[in-house]
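Colleague: Residue numbers for the sequence shown follow the UniProt record's numbering, beginning at 1 and rising by one.
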Amino acid sequence: MASIGIVGTGFVADYYMRSLATLPEVTVAGAWDIDLDRLHAFRKYWRVPAAASLDDLIGRRPDLILNLTNPGSHYAVSLACLEAGLPVYSEKPLATRLDDARHLHRVATERGVMLASAPCSALGESAQIVWKALRERVIGTPRLVYAEIDDGFLIRAPHETWRSESGAPWPVQDELAVGCALQHAGYYLTWLIAMFGSVTRVAAASAEVLGLTLADGAAAAPTYACASLFFESGVVARLTCSVVAPHDHSLRIFGDEGILEVGECWSNDAPVRLRRRHVVRRRLIDSPLTRRLRVGKPTHAKVGRKGATAMNFALGPQEMLAAKAEGRASRLDADLALHLTEVALAIQSAGDGTGHQVIASRAGAVAPMPWAME
Ligand SMILES: NC(=O)c1ccc[n+]([C@@H]2O[C@H](COP(=O)([O-])OP(=O)(O)OC[C@H]3O[C@@H](n4cnc5c(N)ncnc54)[C@H](O)[C@@H]3O)[C@@H](O)[C@H]2O)c1
1 MASIGIVGTG
11 FVADYYMRSL
21 ATLPEVTVAG
31 AWDIDLDRLH
41 AFRKYWRVPA
51 AASLDDLIGR
61 RPDLILNLTN
71 PGSHYAVSLA
81 CLEAGLPVYS
91 EKPLATRLDD
101 ARHLHRVATE
111 RGVMLASAPC
121 SALGESAQIV
131 WKALRERVIG
141 TPRLVYAEID
151 DGFLIRAPHE
161 TWRSESGAPW
171 PVQDELAVGC
181 ALQHAGYYLT
191 WLIAMFGSVT
201 RVAAASAEVL
211 GLTLADGAAA
221 APTYACASLF
231 FESGVVARLT
241 CSVVAPHDHS
251 LRIFGDEGIL
261 EVGECWSNDA
271 PVRLRRRHVV
281 RRRLIDSPLT
291 RRLRVGKPTH
301 AKVGRKGATA
311 MNFALGPQEM
321 LAAKAEGRAS
331 RLDADLALHL
341 TEVALAIQSA
351 GDGTGHQVIA
361 SRAGAVAPMP
371 WAME
């Protein structure tokens, strides 16, 4: 048996609880939230023990802390847990400032305590199928990637009606304060870093195009960002994030021998399709027909669709606990978490005149999941 401690029992914590239900060998040692009403509703709904404070939760010595607080609290909560010697899986971003993310990375590395950050969907079925197809050179040499994470015209969506299973409201103010690139770029960035290595340079632009003022009077973070990402392997990717353009979560990888396509990054079993090119008479045609690629082996537990996602949020915590139990390195580690955060911050904070930014951090090689091996 392994135990986890949960800090932050808001909207996303319910997704985690649904996903953790796929892991009968994992128990919840305690949950803590500074909003006591929210903590009470969560404890009652999921029948888990509530802690009296963060120190109380740390004192229970769970095998892993899930930091599911708002991004502005990630640094302080993760630091307290790491300094107490507890491994941390943090929701993204690792921190909202690069210096803070670097400090967490340093503390974790110096103390030999595991640290990782969401998202974990790179360990999921769709991502692993794409990656396997690339390793098998199904599209020959990959040359260029287009990844879109557009979420529709968010401010006109009925977000005030969105509630999690145990009743937490969807935190629209925080989402707009943190920004769509910092919140969402990671959903494809993690896949691309695993497949193509670290990002060495980012040429990006970002802007707040909706003219929003938040409830506390502060300006909203960029509601649009677009980046060209230059990977160590030589691949170049264009990544777009917005809460303005119509919903589009498509990924296309263009290679010499064809195109790999996925329609959704928030679903672990979104179909992965291969599209070939043909020359017909004097024209080059991308085939209107695609072939669905499959892994052909049992993969991982799936959770049904909840709200906008059909993702198993426990894949990351499960990987960390398995790595700890087996005495091996985790596929999701502190280097990857820092690198992901540095790149996402570079995209989001680019503004309209940054030019290209050199990325200092590097992620180590990520191993594919055993069920996706050739
Ligand atoms: N909302 C989503 O759909 C979604 C999806 C995936 C990931 N995430 C990520 O999950 C994280 C949390 O988002 P959310 O939507 O659950 O937000 P939320 O506001 O619904 O919940 C966050 C909770 O953390 C608590 N909290 C804040 N600071 C704390 C502290 N110092 N100690 C203890 N509790 C504290 C808040 O009181 C709140 O209940 C964010 O990093 C977000 O990027 C959210």
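Every residue, glycine too, gets a C-beta built ideally from N, C-alpha and C.
No experiment lies behind these values; they were computed from the predicted model shown.
(1) Buried or exposed, going by whether 16 or more other CB atoms sit within 10 Å of the CB of Ala13?
(2) Taking His247 as part of the alpha helix (DSSP H), name the residues at either end of that continuous run.
(3) So, Val7 versus Val77, is the Cβ gap smaller than 8 Å?
(4) Report whether the distance from the Cβ of residue 376 to the nearest heavy atom of ligand 1 is below 7 Å.
(5) Evaluate Met373 with the Cβ neighbour count: other Cβ atoms within 10 Å of its Cβ, from every protein chain shown; 16 or more gives buried, anything less gives exposed.
(6) Rounding to the nearest angstrom, what Cα-Cα distance links Gly339 and Ala346 in this structure?
(7) Are Trp131 and Ala194 touching if we call contact CB-CB under 8 Å?
(8) Bridge partners of residue 408, per DSSP?
(9) Considering only residues of the UniProt domain "GFO/IDH/MocA-like oxidoreductase" (132 to 261), which uninterrupted alpha helix (DSSP H) runs meet the minimum length of 4 residues and lie entirely inside it, listed in chain order?
(10) Any idea what DSSP makes of Ser349, helix, strand or coil?
(11) Just mark Lys44 as buried or exposed, buried being the case when its beta carbon has 16 or more other beta carbons within 10 Å.
(12) Given that a residue counts as buried once 16 or more other Cβ atoms are within 10 Å of its Cβ, and exposed if not, what is His184?
(13) Buried or exposed for Glu232, please, with buried defined as at least 16 other CB atoms from any protein chain shown within 10 angstroms of its CB.
(14) Locate the beta strand (DSSP E) running through Asp100, then write down its first and last residues.
(15) Around the C-beta of Leu284, are 16 or more other C-beta atoms found within 10 angstroms, so that it is buried, or is it exposed?
(16) So what's residue 375 in DSSP terms, helix, strand or just coil?
(17) When you measure from the CB of Ile65 to every non-hydrogen atom of ligand 1, does any distance come out below 7 Å?
Modeller: Looking at the coordinates:
(1) Along the sequence shown, read from residue 1 onward, the residue named residue 13 stands at position 13. Answer is buried; the Cβ neighbour count reaches 16.
(2) As a position in the sequence shown, residue 247 is number 247, starting the count at 1. Run containing His247: none; DSSP gives neither H nor E here.
(3) Sequence index remark: in the sequence shown, residue 7 carries index 7 (1-based). Sequence index remark: in the sequence shown, residue 77 carries index 77 (1-based). Contact flag set, yes.
(4) No statement about residue 376 is possible, as the shown extent of the chain runs from 1 to 374 and does not include it.
(5) For this step, residue 373 is matched to residue 373 along the sequence shown. Flag for Met373 reads exposed.
(6) In the sequence shown, residue 339 corresponds to position 339, counting from 1. In the sequence shown, residue 346 corresponds to position 346, counting from 1. A small fix is needed here, since residue 339 is His in this sequence, not Gly. So the two alpha carbons sit approximately 11 Å from each other.
(7) The count along the sequence shown starts at 1 and reaches residue 131 at position 131. The count along the sequence shown starts at 1 and reaches residue 194 at position 194. In contact: Trp131 and Ala194 (Cβ atoms closer than 8 Å).
(8) A question about residue 408 goes unanswered here, because the residues of the chain that appear run from 1 up to 374.
(9) If we require 4 residues or more, the alpha helix (DSSP H) runs fully inside the UniProt domain "GFO/IDH/MocA-like oxidoreductase" (132 to 261) come out as 172 to 178, 180 to 184 and 186 to 196.
(10) Residue mapping note: residue 349 aligns to position 349 of the sequence shown, counting from 1. In this structure, Ser349 counts as coil in the three-state DSSP scheme.
(11) By one-based count along the sequence shown, residue 44 stands at place 44. Exposed, since its Cβ has fewer than 16 Cβ neighbours within 10 Å.
(12) Stepping through the sequence shown from its first residue, residue 184 is reached at position 184. With 16 or more other Cβ atoms within 10 Å, it is buried.
(13) Indexing the sequence shown from 1 puts residue 232 at position 232. Exposed: under 16 other Cβ atoms inside 10 Å.
(14) In the sequence shown, the residue the question calls residue 100 occupies position 100. Here Asp100 belongs to no beta strand (DSSP E); instead the alpha helix (DSSP H) covers Leu98 to Arg111.
(15) The count along the sequence shown starts at 1 and reaches residue 284 at position 284. Per the 10 Å Cβ criterion, exposed.
(16) This structure gives no information on residue 375, because the portion of the chain shown stretches from 1 to 374.
(17) Position 65 of the sequence shown, counted from the start, is the residue given in the question as residue 65. Because no heavy atom of ligand 1 lies under 7 Å away, the Cβ of Ile65 does not count as near it: no.
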